[in-house]
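Take a look at the structure below.
Residue numbers (the working numbering), protein chains in the order written: chain A, 1 to 266; chain B, 267 to 548.
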């Protein structure tokens, strides 16, 4: 399978308000196959969100090469990447249908195709009966489904998830994991999934990239050891889930520990 | 003390009785509060009536409510009285209408432009915020110099007050749009037209509506103040003239009209809020 995304030697610094230079990512490279789901894990401040924002086109200042595989300049019917954000990012003045359709406002598509896509993804996320409802009448989980549909409707080369379930309560999060898996199984999108929840990464992804503390780079890259179509709940029932969980928590904990020692040092 | 005692069985009826009792209490409480809310102003009027009738207060300035009511209804029962009042009300409404229309339009427009365009913001914001705290009535003499006595200068004063209120509120609404919306429009590559008309302006709408509401209150204050000083007509003039000739009942009638204006302004504000920002309901 040809890689759909190749990122080489990504480096990212930023300036704080006090004009201090902070190196967020020192050197990060990875490849992603079409239809693959990559989780990026690491202690907070390790640059995983910086990496996602760069892929999302929200930050143009970095060095390194991002090879998207396809040149999209000829195809204005898809976005290079679409993002599902951590917090509620639905637009409260639009109903569900409008919230989904507005995702395509930067694309060149005739009205009929737009209409068709909205219908398709309304069905896919299970919001058919809520098309005319406004976000404030929906639960947090349902609002996040709207955000997912808004991203999918752009049929992006890369679907970016920035801790999409972190703002939800524990029960809703479990239900939504199953939902995300079902949706992926139908769309087979290529996904970068940023999270600090090891369980979620193992439940939903094919490969896991663990990053070091700042300045972030690769600490470990591993396959999730499950059949990729296996459901989150089934994955959790297998003994290997617990073993991998312990191993990855160990890696993350090392980095968190280092970060703590460094911060407490004078 | 033993636990057996604490856990003594209670009949199911206890729970039902509790629910019924609480419901009854709540109903009684809301009736009581309603009665208190209506009763208090009635008590005030009664106290005023009694105080006036027993000469505890100066009846020349505070005639009893019944005397005021009687002379208001006598005034309004004549065609000339009704015409006189209607003329003053129309003059005031015209000044508010013109001043509010121009001031609010200009304020919202400039507020949006300042939110949109960095250089405009950098140039105008310091001056705008420096002048804003000035009580607008203090520059009324300047308005008279520029626009002359009468309708134009009082409308101009209203325009100015409304402009500042709406401009500053609109500006801060547009400027401080939630960061997540900026991420959404950038990540999805929304075209500029969609960014502004479908995301940033709706996001700023609660602040814009607040500006429009405050502007309406400001318009009322300024128009009455301006009429006190310079106009021949208007409800402010009516109040001031009544006071000058010590026609106290008519002065109170003028105050009642201003209160009615304020009430209508508040209802218009509530209506606008429901129509313009239906998602912002609490």
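Glycine included, each C-beta is placed from N, C-alpha and C at the ideal position.
| query | result |
| --- | --- |
| Please report the distance separating the alpha-carbon of residue 402 (chain B) from that of residue 361 (chain B). | 16 Å |
| Within 10 angstroms of the Cβ of residue 1 (chain A), are there 16 or more other Cβ atoms? Answer buried if so, exposed if not. | Bear in mind that a pLDDT of 47 at residue 1 (chain A), under 50, signals an unreliable position, so the number given afterwards is only what the model happens to contain. Under this definition residue 1 (chain A) is an exposed residue. |
| Can you pull the chain B residues whose beta carbon is under 9 Å from the beta carbon of residue 82 (chain A), in chain order? | 453 and 454 |
| Quick one: what's residue 7 (chain A) bridged to in DSSP? | A:30 and A:66 |
| Which residue wins for smallest C-alpha separation from residue 209 (chain A), given the options A:190, A:134, A:38 and A:235? | A:38 |
| Less than 8 Å between the CB atoms is what I'm expecting for residue 315 (chain B) and residue 296 (chain B), so what's the real figure, rounded? | That pair is no contact at about 29 Å. |
| With a cut-off of 8 Å, does the C-beta of residue 604 (chain B) fall near any C-beta of chain A? | The structure shown does not extend to residue 604 (chain B), since chain B spans only 267 to 548, so no value can be given for it. |
| Using three-state DSSP, classify residue 13 (chain A) as helix, strand or coil. | strand |
| In whole angstroms, give me the CA-to-CA distance for residue 355 (chain B) and residue 291 (chain B). | 46 Å |
| Which residues in chain A sit within 9 Å of residue 468 (chain B), going by Cβ to Cβ distance? | 91, 92, 93 and 94 |
| With DSSP as the reference, label residue 86 (chain A) as helix, strand or coil. | coil |
| Which residues of chain A have a Cβ atom closer than 7 Å to the Cβ of residue 464 (chain B), listed in chain order? | 102 |
| Of all the residues that make up the segment 231-245 of chain A, which are near chain B by a beta-carbon distance shorter than 8 Å? | none |
| Just how far apart, CA to CA, sit residue 544 (chain B) and residue 93 (chain A)? | 8 Å |
| What's the call for residue 9 (chain A), buried or exposed, on a 16-neighbour Cβ count within 10 Å? | exposed |
| Do the CB positions of residue 127 (chain A) and residue 146 (chain A) come within less than 8 Å of each other? | yes |
| Drop a sphere of 10 angstroms on the beta-carbon of residue 407 (chain B), count the other beta-carbons inside from all chains shown, and report buried for 16 or more, exposed for fewer. | exposed |
| Less than 6 Å between C-beta atoms, sequence neighbours within five positions excluded: which residues of the same chain meet that for residue 175 (chain A)? | none |
| By how many angstroms is the C-alpha of residue 399 (chain B) removed from the C-alpha of residue 501 (chain B)? | 26 Å |
| Report the rounded CA-to-CA distance for residue 33 (chain A) versus residue 156 (chain A), giving the unit in angstroms. | 14 Å |
| Counting only beta-carbon separations shorter than 8 Å, does residue 57 (chain A) have a partner in chain B? | yes |
| Could you tell me which uninterrupted alpha helix (DSSP H) segments, each at least 4 residues in length, are contained entirely in the segment 174-207 of chain A, listed from first to last along the chain? | 198-204 |
| Can you give me the C-alpha to C-alpha distance between residue 277 (chain B) and residue 286 (chain B), rounded to a whole angstrom? | 15 Å |
| For residue 154 (chain A), go through chain B and note every residue whose CB falls closer than 8 Å to its CB, in chain order. | 454 |
| Here's a check: name, in chain order, each residue in its chain whose Cβ is nearer than 7 Å to the Cβ of residue 194 (chain A), leaving out the five neighbours to either side. | 40, 48, 49, 52, 161, 162 and 163 |
| Taking DSSP as the reference, what is the three-state secondary structure of residue 143 (chain A)? | helix |
| Please say whether residue 103 (chain A) and residue 80 (chain A) have beta carbons closer to each other than 8 Å? | no |
| Quick one: using the 10 Å Cβ neighbour count with 16 as the cut-off for buried, is residue 111 (chain A) buried or exposed? | exposed |
| How would you label residue 417 (chain B), buried or exposed, when you count the other beta carbons within 10 angstroms and need 16 or more for buried? | buried |
| Going by DSSP in three states, residue 129 (chain A) sits in which element: helix, strand or coil? | helix |
| Alpha carbon to alpha carbon, how far is residue 84 (chain A) from residue 65 (chain A)? Give it in angstroms, no decimals. | 23 Å |
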